[in-house]
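Student: Sharing a structure here in structure tokens format.
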Amino acid sequence: MTFSGAVLLTDLNDFITPSQACIKPVQIERTSQGADSQIRLDDTGGYYEVSQDGGETKLETASISLNDCLACSGCITSAESVLVTLQSQKELYEVLKANQLAVQQGRTQDVRVVVVSVSPQSRASIAAKYDLSPLDVWKRLLWFYKTFLGAHHVFDTAFSRDFALIESAKEFVRRYREHHHAQTQPDSATTTGQETAARPVLPMLASACPGWICYAEKTHGYILPHIDSTKSPQQIMGSLVKNYLGAKLGVPANRVYHVAVMPCYDKKLEASRKDFYDDVYSTRDVDCVITTGEVEKMFSEQSLCINDMQALDVEMTFTKAFASPEENHGIPILAGSEGSSSGGYLSYILRYAAHVLFGVSLTPQDVENGTNGVHIRPGRNSDFVEYALCLPADPETPVLRFALAYGFRNIQNLVRKINPAPAAGAVARRRRQHRRANAAAAAATTTSAYDYVEIMACPSGCINGGGQLKPQTNDSGGGGTAAGAAPTTLLAASRDWIAKAEGAYRSVAVDGGIQPPEANQAVTALYTEWLEGEESEKARKMLHTEYHAVEKMDVNGLAVNW
Numbered sequence: 001m002t003f004s005g006a007v008l009l010t011d012l013n014d015f016i017t018p019s020q021a022c023i024k025p026v027q028i029e030r031t032s033q034g035a036d037s038q039i040r041l042d043d044t045g046g047y048y049e050v051s052q053d054g055g056e057t058k059l060e061t062a063s064i065s066l067n068d069c070l071a072c073s074g075c076i077t078s079a080e081s082v083l084v085t086l087q088s089q090k091e092l093y094e095v096l097k098a099n100q101l102a103v104q105q106g107r108t109q110d111v112r113v114v115v116v117s118v119s120p121q122s123r124a125s126i127a128a129k130y131d132l133s134p135l136d137v138w139k140r141l142l143w144f145y146k147t148f149l150g151a152h153h154v155f156d157t158a159f160s161r162d163f164a165l166i167e168s169a170k171e172f173v174r175r176y177r178e179h180h181h182a183q184t185q186p187d188s189a190t191t192t193g194q195e196t197a198a199r200p201v202l203p204m205l206a207s208a209c210p211g212w213i214c215y216a217e218k219t220h221g222y223i224l225p226h227i228d229s230t231k232s233p234q235q236i237m238g239s240l241v242k243n244y245l246g247a248k249l250g251v252p253a254n255r256v257y258h259v260a261v262m263p264c265y266d267k268k269l270e271a272s273r274k275d276f277y278d279d280v281y282s283t284r285d286v287d288c289v290i291t292t293g294e295v296e297k298m299f300s301e302q303s304l305c306i307n308d309m310q311a312l313d314v315e316m317t318f319t320k321a322f323a324s325p326e327e328n329h330g331i332p333i334l335a336g337s338e339g340s341s342s343g344g345y346l347s348y349i350l351r352y353a354a355h356v357l358f359g360v361s362l363t364p365q366d367v368e369n370g371t372n373g374v375h376i377r378p379g380r381n382s383d384f385v386e387y388a389l390c391l392p393a394d395p396e397t398p399v400l401r402f403a404l405a406y407g408f409r410n411i412q413n414l415v416r417k418i419n420p421a422p423a424a425g426a427v428a429r430r431r432r433q434h435r436r437a438n439a440a441a442a443a444a445t446t447t448s449a450y451d452y453v454e455i456m457a458c459p460s461g462c463i464n465g466g467g468q469l470k471p472q473t474n475d476s477g478g479g480g481t482a483a484g485a486a487p488t489t490l491l492a493a494s495r496d497w498i499a500k501a502e503g504a505y506r507s508v509a510v511d512g513g514i515q516p517p518e519a520n521q522a523v524t525a526l527y528t529e530w531l532e533g534e535e536s537e538k539a540r541k542m543l544h545t546e547y548h549a550v551e552k553m554d555v556n557g558l559a560v561n562w
């Protein structure tokens, strides 16, 4: 298969397929004795190193874990479908089976509280394929996981995303203010002769996509200070479930089993990060991630079709929902979110910043339609769009510049525009002396022209994640495109399918209206009850994280199987 030159860029491409071989080098511990030893194979197939004095040491079998995958600089994001078999529906089945056995034997103390958190993108993908509304899908998923399988709770990550949006917006405003203060007083950060490591950096880059984070950590360590420190909705829900819900139930974190249903495989890797592991209870914030496709496989394994499932009423707990009008008997319905189907980060942060920084009140429709001072400029492809906010006093000069960049070809072009941050210490001071004469010109080129960028690794964003459902084909009995169709036909069918899933996602806002994060009363209450205030140390710990540049490993390219 020949890839298009417009898509293939260096070692990155937007074709999401598994790697054919892992190139993680196995580090060998060397001793001072050199090679004065032999290898012995016993009857069981075990290998032993025999030293000159006759001592034997059993050799460990080389293995690669999810943590190894995260710490390796060999590949970017495409090996997960081979390595993540430990996180699948089979693991969930085992936990549920163990719970049933514990109940039968009267060992209630061994029963784990099973919590399933479902992403709105997964909900939309299922709705699109089976011609249901997202609300109908949600009600059937409640029945499937709680009544049929025996899970205790089913939550909505659109709820935890409200935390992420609020925290991201506040972090952007802080960075913007401090950044522009530092620009007006260029020597303020260096009066002590040292660069501050915490100096605010713009543009701020979105942090919700683990594929993008993995790529940045492995290939562009200098760009990490630009990335928003806010956790993704998946991991915020993990903190909420393990830290808050567990305490409310009187159950330790390791007795809460948390499953997340997500639109992409990279979310499995995100859940395995050491940053999201509790050393005290030896448990992860998210124990298992299953993709939308694996949920569909669960239906098949249980000989069920979602169209024929029973439906449960929507529960308000940790779900972005509200009571419907009285004519609908007050039954809870789902509430919608603004902006893109990747979370709406750009829309909400732009509106929040416009209000806090410039006193401009924007609606979600202003951002979507380019009105009230918002200017929209499409890029060379549909996955790159620029947004600018201009004030009435000077309608030609943007005060905020935002962008939406989906897919690795757009990410690659973006990171090239962001130069590495200046070095610290004496070297930095000497370099600054040489640059002072050109400081004004350099200010326009050392960073990109944007203040904030919503970045997602998948083309078309999260609604097109690698773990989402695929359209029906003729081979599977559906009305989709035949296997032998031309590439242009397949591309058109793919675009139509993405548009259908996008429409299902947005229908929630049409049916239930848009609920801004600050209007979510449950989230507001949790800031006080759970986090001890919006600016507390606990809020910082529960809602924010750190990123780590991955050290390059020396790999013999001639030994790699491509």
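FYI, full-length UniProt numbering numbers position 461 of the sequence shown as 461, with every residue one higher than the one before it.
For each residue, glycine too, the CB sits at the ideal point set by N, CA and C.
It should be emphasised that the depicted structure is a prediction, and the values quoted were computed from it without experimental measurement.
For the alpha helix (DSSP H) holding Lys58, just list the boundary residues, first then last.
Tutor: Counting along the chain, Lys58 falls outside any alpha helix (DSSP H), though it belongs to the beta strand (DSSP E) covering 56-58.
Student: Use the C-beta contact count for Leu269: other C-beta atoms within 10 angstroms, 16 or more gives buried, fewer gives exposed.
Tutor: Leu269 should be labelled buried.
Student: On the premise that Ile349 lies in contact with Ser507, defined as a C-beta separation below 8 Å, what is that separation, rounded to the nearest angstrom?
Tutor: About 24 Å; that fails the 8 Å criterion.
Student: Contact between the segment 137-153 and the segment 216-227 is defined here as three or more beta-carbon pairs at a separation below 8 Å; is this criterion met?
Tutor: The segment 137-153 is not in contact with the segment 216-227.
Student: Taking all protein chains shown into account, do 16 or more other C-beta atoms lie within 10 angstroms of the C-beta of Thr545, making it buried, or fewer, making it exposed?
Tutor: Flag for Thr545 reads buried.
Student: By the DSSP assignment, the alpha helix (DSSP H) with Arg409 in it spans what residues?
Tutor: Segment 408-416, the alpha helix (DSSP H) holding Arg409.
Student: Which two residues bound the contiguous alpha helix (DSSP H) that contains Ala103?
Tutor: A small correction: the amino acid at residue 103 is Val; Ala does not occupy that position in the sequence shown. Here the alpha helix (DSSP H) through Val103 covers 89-104.
Student: Looking only at C-alpha atoms, which of Ala127, Ala509, Phe358, Tyr244 sits nearest to Leu389?
Tutor: Nearest option by C-alpha distance: Phe358.
Student: Is the segment 536-543 touching the segment 250-260 in the sense that three or more CB pairs, one from each, lie closer than 8 Å?
Tutor: The segment 250-260, when compared against the segment 536-543, does not touch it at the 8 Å Cβ threshold.
Student: Who pairs with Tyr277 in a beta bridge, going by DSSP?
Tutor: For Tyr277, which the question treats as bridged, DSSP gives the partners Arg284.
Student: Which runs of the alpha helix (DSSP H) at least 4 residues long sit entirely within the segment 320-408? Give them in chain order.
Tutor: Complete alpha helix (DSSP H) runs here, min 4: 345-358, 364-369.
Student: So the alpha helix (DSSP H) Glu454 belongs to, where does it begin and stop?
Tutor: No alpha helix (DSSP H) contains Glu454, which is instead part of the beta strand (DSSP E) from 452-456.
Student: Could you check whether the segment 108-126 touches the segment 256-275, counting it as contact only if at least three pairs of C-beta atoms, one from each stretch, sit closer than 8 Å?
Tutor: Touching, per the Cβ criterion.
Student: For residue 563, collect the residues of the same chain with a Cβ closer than 6 Å to its Cβ; drop the 5 residues on either side in sequence, then sort them by chain order.
Tutor: This structure cannot settle anything about residue 563, because the visible part of the chain is limited to 1 through 562.
Student: Are the beta-carbon atoms belonging to Cys209 and Ala457 less than 7 Å from one another?
Tutor: Yes. Within cutoff.
Student: Find the nearest neighbour of Pro471 within the set Leu96, Ile455, Ser494, judged by alpha-carbon distance.
Tutor: That would be Ser494, whose Cα lies nearest to the Cα of Pro471.
Student: Going by other Cβ atoms of all chains shown within 10 Å of its Cβ, with 16 needed for buried, is Ile39 buried or exposed?
Tutor: By the 10 Å Cβ count, Ile39 comes out exposed.
Student: Which of the three DSSP states, helix, strand or coil, is assigned to Glu49?
Tutor: If DSSP states are grouped into helix, strand and coil, Glu49 belongs with the strands.
Student: According to DSSP, is Asp162 helix, strand or coil?
Tutor: Reduced to three states, the DSSP call for Asp162 is helix.
Student: Just how far apart, CA to CA, sit Asn243 and His179?
Tutor: C-alpha separation (whole angstroms): 34 Å.
Student: Name, in chain order, the residues that DSSP records as bridge partners for Ser229.
Tutor: Paired residue(s): none; Ser229 is not in a bridge.
Student: Within its chain, find whatever has a CB closer than 6 Å to the CB of Asp278; leave out the 5 residues flanking it on each side and keep chain order.
Tutor: The residues are Ala253.
Student: Quick one: Cα of Gln121 to Cα of Glu386, how far?
Tutor: Between Gln121 and Glu386, the C-alpha separation is close to 23 Å.
Student: Name the two residues that bound the continuous beta strand (DSSP E) containing Phe155.
Tutor: Element bounds for Phe155: 153-156.
Student: Per DSSP, which residues does Ile463 bridge with? Please list them.
Tutor: DSSP, once it has assigned bridges, lists no residue as partnering Ile463.
Student: From Lys320 to Val453, what distance separates their C-alpha atoms?
Tutor: Cα to Cα, Lys320 sits roughly 25 Å from Val453.
Student: May I ask you to report which of helix, strand or coil DSSP gives Met298?
Tutor: In this structure, Met298 counts as helix in the three-state DSSP scheme.
Student: To which residues of the same chain is Ala549 closer than 7 Å at the C-beta, ignoring the five residues directly before and after it?
Tutor: So the list reads Glu217, Gly221, Leu224, once near-sequence residues are dropped.
Student: Using the DSSP secondary-structure output, state which residues sit across from Ala260 in a beta bridge.
Tutor: Ala260 is bridged to Ser117, Val289.
Student: Under a Cβ-count criterion, where at least 16 other Cβ atoms within 10 Å of its own Cβ denotes burial, should Asp285 be classed as buried or exposed?
Tutor: So Asp285 ends up on the buried side.
Student: Just mark Ser382 as buried or exposed, buried being the case when its beta carbon has 16 or more other beta carbons within 10 Å.
Tutor: So Ser382 counts as exposed.
Student: Work out the CA separation of Trp530 and Gln183 for me, nearest whole Å.
Tutor: Cα to Cα, the separation comes out at about 37 Å.
Student: Helix, strand or coil for Met309, going by three-state DSSP, please let me know.
Tutor: Coil at Met309, not helix or strand.
Student: Out of Gln87, Glu315, Asn410, Met237, state which residue places its alpha-carbon closest to the alpha-carbon of Val289.
Tutor: Looking at the Cα atoms, Gln87 is the closest of the given residues.
Student: Determine the DSSP secondary structure at Asn254, reduced to helix, strand or coil.
Tutor: Three-state result, Asn254: helix.
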